[in-house]
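As numbered in the working numbering, residues 344 to 397 make up the sequence shown, in order.
So the structure is just underneath, and the comments pick up after that.
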Amino acid sequence: MKNLTKQEFNIRFLLAAQCFMPKVARQLIRECRDDIEMFGLDYAQRKWAKFVGI
Numbered sequence: 344m345k346n347l348t349k350q351e352f353n354i355r356f357l358l359a360a361q362c363f364m365p366k367v368a369r370q371l372i373r374e375c376r377d378d379i380e381m382f383g384l385d386y387a388q389r390k391w392a393k394f395v396g397i
């Protein structure tokens, strides 16, 4: 798995979230943001790796 900067990770996550309806996308974004705040960027990247394609 490639380690991304927070900006790169956010861009990939937002691009992947566009495939969902707005309500679902907002929930996914909230959950990812909470993961970053509570557990750090490394944890969030490992958890969401398949979703963002890394």
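Just so you know, even glycine gets a beta-carbon here, dropped at the ideal spot from N, CA and C.
Gln388 sits in a helix when the DSSP states are folded into three classes. Look at Phe382 here: in three-state DSSP terms it is helix. In the three-state reduction of the DSSP assignment, Leu371 falls in the helix class, which pools H, G and I. In the displayed model, Lys345 falls within coil according to three-state DSSP, outside both helix and strand. In this structure, the straight-line span from the alpha carbon of Phe382 to that of Arg373 is close to 14 Å.
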